[in-house]
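Colleague: Using the working numbering, read the sequence shown as starting at 443 and increasing by one per residue.
Provided herewith is a single structure, encoded as structure tokens, for subsequent inquiry.
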Amino acid sequence: MTHIQNFINGAFCDGAEGKRFEKRSPLTNAVIATVAEAAQADVAAAVSAGRAALKGAWGRLELTARVALLTKLADEMDRRAEDFIAAEIADTGMPAGVARHMCARGSANFRVFADMVKNVPTEFFEMSTPDGTGALNYAIRRPVGVVGVVCPWNAPLLLMTWKVGPALACGNVVVVKPSEETPQTAALLGEVMRDAGVPDGVYNVVHGFGPGSTGEFLTAHPGVNAITFTGETRTGAAIMKAAAEGARPVSLEMGGKNPGIIFADADLNAAIEGTVRSCFMNTGQVCLGTERVFVERPLFGRFVAALKQAAEAMKIGAPDAPGVAMGPLISREHQQKVLSYYARAVAEGATVVTGGGVPDMQGAHQNGAWVQPTIWTGLPDDAAVCREEIFGPCCHVSPFDTEDEVIERANAVPYGLSAAVWTRDLARAHRVAALVEAGVVWVNSWFLRDLRTPFGGAKQSGIGREGGVHSLEFYTELKNVCIKL
Ligand code: NAD
Ligand code: 6OD
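As structure tokens, then:
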């Protein structure tokens, strides 16, 4: 059986207290690996290793050498792409095509930010002084230091490297706490870092759980200078409290209850295709996914019928089975949560258009975390399934009559991560995009990403922005130097 270890100061190791936990397959619920749980002492060792790297070879590396090293790392990740994909599939059960797509972002996250730091301009101001000699001001960026990176399970490699890539490009060191559900790609990246020649202590991984475990030990550690987190809003709030001790900066990317808004003039095929992807891709476990669909009334009946047909055509199964579009959920525990919402929708009076249960699976797969793609209609906007993040392959579809109405209804939840708007009317697209309360709005598309753009959530979906210069802002400390002439 695979055993996954922590990666501290360039070496794989078990936890100081010898604790282990089990990782189960989402496909069968069988134990597929044991994982070394990091104790408080291991987290402290990882932070110290990071600090030493900042003072040592890594801290002294010139920008061009750092960029070259991270580019070499990206090349090495591409060379090991099949290993990353296999590890991601084993942990998550996602279809091979989805894993391939997500894992491609792993090396891209290093390449793009390594490229970006080469071109950061500086501020420069001449000033006059009372003695007439003048002074020059210029700003320089310095790494913030040791960055704690706390990650979720839904797109493990993509979301971890989305933080680690810019953090290292800016000259920081990281201590990563992967989700307890998905330890493998973070561990594999340790091997690749070593092979690429990244100095010891720059990239550290500590496995474990959240409260009372590794996540809490990491976020409470006073040697961690900044914390970047992706996960549930509730967890983000706990991390923000931990970061308040020592007044450390946080970047929080959290939950969503994202609307899809389809106007009657939309390209129907494109809107259906995009909405199917946004509701069901990765078994609905995408923070940017759509769980509330609003359709302009003249199109409502046709849209629901087409969405139903597309959902029912999706093949559910093992990652490598031909034509599979949807895998299991991450765990049996998450399956129970999603199924509880399926039951709740019915209890609240929903019409179940399709799904609502567990698909008929064969053999060992009978024990996996499978659910059917599910569509509801007929609920009021204040029903629990229309307000709370479910994080499963499901959506509620309701009709609307006016632009003002749909904007108000789209905004009537505490979250504000993303929105997808489907219309051929460009003026309306601009109006709606400006008024919908979300950090990211897609018009006639979904999950189209350019890593130079700001990314993050409004309201309870996030604090701060990453992406492009915004990542550089978070992962560097700006210092002004004033030189009296
Ligand atoms: P989660 O909040 O349960 O866990 C995320 C990470 O935090 C895990 O590593 C966990 O061990 C750790 N953790 C939990 N409690 C902690 C604590 N008190 N202190 C320190 N660490 C702690 O989230 P999840 O279930 O892994 O992921 C799903 C959630 O992530 C969904 O809400 C989804 O919307 C969100 N998400 C958001 C984005 C985004 O970009 N906004 C992206 C992906 C996922
Ligand atoms: O594309 C990204 O950079 C990003 N952070 C995606 C988040 C996906 C959420 O599941």
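By construction, the Cβ of each residue, glycine as well, lies at the ideal position given by its N, Cα and C atoms.
The ligand 6OD heavy atoms versus the CB of arginine 521: any closer than 8 Å?
Modeller: The count along the sequence shown starts at 1 and reaches residue 521 at position 79. For the ligand 6OD, not one heavy atom lies less than 8 Å from the Cβ of arginine 521.
Colleague: Under three-state DSSP, which class holds alanine 806?
Modeller: Position 364 of the sequence shown, counting from 1, holds the residue named residue 806. DSSP places alanine 806 in helix when its eight states are reduced to three.
Colleague: Can we say the stretch 494-504 touches the stretch 545-558, given the rule of at least three CB pairs closer than 8 Å?
Modeller: no
Colleague: Of all the CB atoms in chain B, is at least one closer than 9 Å to the CB of aspartate 707?
Modeller: Absent here is chain B; the protein component of the structure consists of one chain.
Colleague: What separation, rounded to the nearest whole angstrom, lies between the Cα atoms of aspartate 415 and methionine 536?
Modeller: With the chain covering 443 to 927 only, the question about residue 415 has no answer from this structure.
Colleague: Quick one: using the 10 Å Cβ neighbour count with 16 as the cut-off for buried, is aspartate 456 buried or exposed?
Modeller: Counting from one through the sequence shown, the residue named residue 456 turns up at place 14. The residue in question, aspartate 456, is buried, as its Cβ has 16 or more Cβ neighbours within 10 Å.
Colleague: Just checking my contact of cysteine 593 with valine 634 at CB under 8 Å: how many whole Å lie between their CB atoms?
Modeller: Within the sequence shown, numbered from 1, the residue matching residue 593 stands at position 151. Within the sequence shown, numbered from 1, the residue matching residue 634 stands at position 192. Not quite, the Cβ-Cβ distance comes to about 17 Å (not below 8 Å), so this is no contact.
Colleague: Assuming valine 589 and asparagine 551 are in contact, meaning their beta carbons sit under 8 Å apart, how far apart are those beta carbons, in whole angstroms?
Modeller: Position 147 of the sequence shown, counting from 1, holds the residue named residue 589. Position 109 of the sequence shown, counting from 1, holds the residue named residue 551. Your pair valine 589 and asparagine 551 does not check out as a contact, with CB atoms roughly 14 Å apart and the cut at 8 Å.
Colleague: Can you name the start and end residues of the alpha helix (DSSP H) that lysine 560 belongs to?
Modeller: Residue numbering aside, residue 560 sits at position 118 when the sequence shown is read from its first letter. Taken as a continuous stretch (DSSP letters only), lysine 560 belongs to no alpha helix (DSSP H), as it is neither H nor E.
Colleague: Compare the beta carbon distance of proline 822 and valine 813 with 9 Å and say whether it is the shorter of the two.
Modeller: Numbered from its first residue, the sequence shown carries residue 822 at position 380. Numbered from its first residue, the sequence shown carries residue 813 at position 371. In this structure, valine 813 does not lie closer than 9 Å to proline 822 by Cβ.
Colleague: Determine the contact status of glycine 834 and alanine 900, defining contact as a CB-CB distance below 9 Å.
Modeller: As a first step, residue 834 must be located in the sequence shown, where it is residue number 392. As a first step, residue 900 must be located in the sequence shown, where it is residue number 458. Cβ distance not < 9 Å, so glycine 834 and alanine 900 don't count as in contact.
Colleague: Is glycine 910 near the ligand 6OD, going by C-beta to nearest heavy atom under 8 Å?
Modeller: On the sequence shown, position 468 is the one that residue 910 refers to. Glycine 910 Cβ: outside cutoff for every heavy atom of the ligand 6OD.
Colleague: Starting from threonine 732, follow its DSSP beta bridges and name the residues at the other end.
Modeller: Position 290 of the sequence shown, counted from the first residue, corresponds to residue 732. According to DSSP, threonine 732 bridges with Asn700.
Colleague: Within the present structure, is the beta-carbon of glutamine 902 separated from the nearest heavy atom of the ligand 6OD by less than 8 Å?
Modeller: Residue 902 sits at position 460 when you count from the first residue of the sequence shown. For the ligand 6OD, not one heavy atom lies less than 8 Å from the Cβ of glutamine 902.
Colleague: To the nearest angstrom, how far is the alpha carbon of serine 570 from that of glycine 576?
Modeller: The sequence position of residue 570 within the sequence shown is 128, counting from 1. The sequence position of residue 576 within the sequence shown is 134, counting from 1. If I take the Cα positions, the gap works out to 4 Å.
Colleague: Taking C-alpha atoms, which residue in Ile582, Glu847 and Gly574 lies nearest to proline 563?
Modeller: Here residue 563 corresponds to residue number 121 of the sequence shown, with the count starting at 1. When only C-alpha atoms are compared, the closest one is Ile582.
Colleague: Using a Cβ distance threshold of 8 Å, determine whether the stretch 706-716 contacts the stretch 684-695, with at least three qualifying pairs required.
Modeller: no
Colleague: Let's see if you can read the secondary structure: which residues bound the beta strand (DSSP E) around arginine 583?
Modeller: Taking the sequence shown and counting its residues from 1, one reaches residue 583 at position 141. Segment 577-585, the beta strand (DSSP E) holding arginine 583.
Colleague: Nearest to lysine 750 by CA position, among Leu512, Gly697, Ala629 and Cys721, is which residue?
Modeller: Your numbering for residue 750 matches position 308 in the sequence shown. Out of Leu512, Gly697, Ala629 and Cys721, Cys721 has the C-alpha closest to the C-alpha of lysine 750.
Colleague: Quick one: using the 10 Å Cβ neighbour count with 16 as the cut-off for buried, is valine 911 buried or exposed?
Modeller: To locate residue 911, count along the sequence shown from 1; it is residue 469. It counts as exposed.
Colleague: When the Cα of alanine 680 is compared with those of Gly657, Lys605, Ala611 and Glu524, which residue comes out closest?
Modeller: Residue numbering aside, residue 680 sits at position 238 when the sequence shown is read from its first letter. With distances taken between Cα atoms, alanine 680 lies closest to Gly657.
Colleague: Just list the residues that DSSP pairs valine 509 with in beta bridges.
Modeller: By one-based count along the sequence shown, residue 509 stands at place 67. Per DSSP, none; premise fails for valine 509.
Colleague: Please look up how many angstroms separate the CB atoms of glutamate 879 and asparagine 853, rounded, as I've assumed it's under 8 Å.
Modeller: Locating residue 879 in the sequence shown gives position 437, counting from the first residue. Locating residue 853 in the sequence shown gives position 411, counting from the first residue. The pair is a contact, with the Cβ atoms about 5 Å apart (cut-off 8 Å).
Colleague: Would a C-beta distance cut-off of 9 Å place phenylalanine 449 and alanine 628 closer than the cut-off?
Modeller: In the sequence shown, residue 449 corresponds to position 7, counting from 1. In the sequence shown, residue 628 corresponds to position 186, counting from 1. Result yes, Cβ atoms of phenylalanine 449 and alanine 628 sit closer than 9 Å.
Colleague: Listed in chain order, which residues are found with a beta carbon closer than 6 Å to a heavy atom of the ligand 6OD?
Modeller: Asn596, Ala597, Leu601, Trp604, Val728, Cys729, Leu730, Arg891 and Phe897
Colleague: Using the rule of at least 16 other Cβ atoms within 10 Å of the residue's Cβ for burial, across every protein chain shown, is glutamate 464 buried or exposed?
Modeller: For this step, residue 464 is matched to residue 22 along the sequence shown. Classified as exposed, glutamate 464 has fewer than 16 neighbouring CB atoms from the shown chains inside 10 Å of its CB.
Colleague: Evaluate tyrosine 580 with the Cβ neighbour count: other Cβ atoms within 10 Å of its Cβ, from every protein chain shown; 16 or more gives buried, anything less gives exposed.
Modeller: The sequence position of residue 580 within the sequence shown is 138, counting from 1. Label assigned to tyrosine 580: exposed.
Colleague: Can you list, in chain order, the residues of its chain with a C-beta nearer than 6 Å to that of phenylalanine 566? Leave out the 5 residues immediately preceding and following it.
Modeller: Taking the sequence shown and counting its residues from 1, the one referred to as residue 566 is at position 124. Once the five neighbours on either side are set aside, the close Cβ partners of phenylalanine 566 are Tyr580.
Colleague: Between the stretch 781-789 and the stretch 722-731, do three or more beta carbon pairs fall short of 8 Å?
Modeller: No, the stretch 781-789 is not in contact with the stretch 722-731.
Colleague: In or out: aspartate 642 buried (at least 16 other Cβ within 10 Å) or exposed?
Modeller: For the purposes of this step, residue 642 is identified with residue 200 of the sequence shown, where counting begins at 1. The residue is buried, with at least 16 neighbouring Cβ atoms inside 10 Å.
Colleague: Quick one: grab the DSSP three-state call for glycine 726.
Modeller: Here the question's residue 726 lines up with position 284 in the sequence shown. Correct three-state label for glycine 726: helix.
Colleague: Looking only at C-alpha atoms, which of Thr865, Lys605, Arg894 and Glu850 sits nearest to leucine 877?
Modeller: Position 435 of the sequence shown, counted from the start, is the residue given in the question as residue 877. Of Thr865, Lys605, Arg894 and Glu850, the residue nearest in Cα terms is Glu850.
Colleague: Relative to the alpha-carbon of isoleucine 703, which residue among Val737, Val718 and Met682 has its alpha-carbon at the smallest distance?
Modeller: Taking the sequence shown and counting its residues from 1, the one referred to as residue 703 is at position 261. Of the listed residues, the one whose Cα sits closest to isoleucine 703 is Val737.
Colleague: Is the closest heavy atom of the ligand NAD to the C-beta of serine 957 under 8 Å?
Modeller: The question about residue 957 has no answer, for the chain in this structure spans 443 to 927.
Colleague: Starting from methionine 756, trace the alpha helix (DSSP H) both ways and give me its first and last residue.
Modeller: Taking the sequence shown and counting its residues from 1, one reaches residue 756 at position 314. It is not in any alpha helix (DSSP H) - methionine 756 carries neither H nor E in the DSSP assignment.
Colleague: Which ranges would you report for the beta strand (DSSP E) in the stretch 658-702 if only whole runs of at least 3 residues count?
Modeller: 668-672 and 692-695
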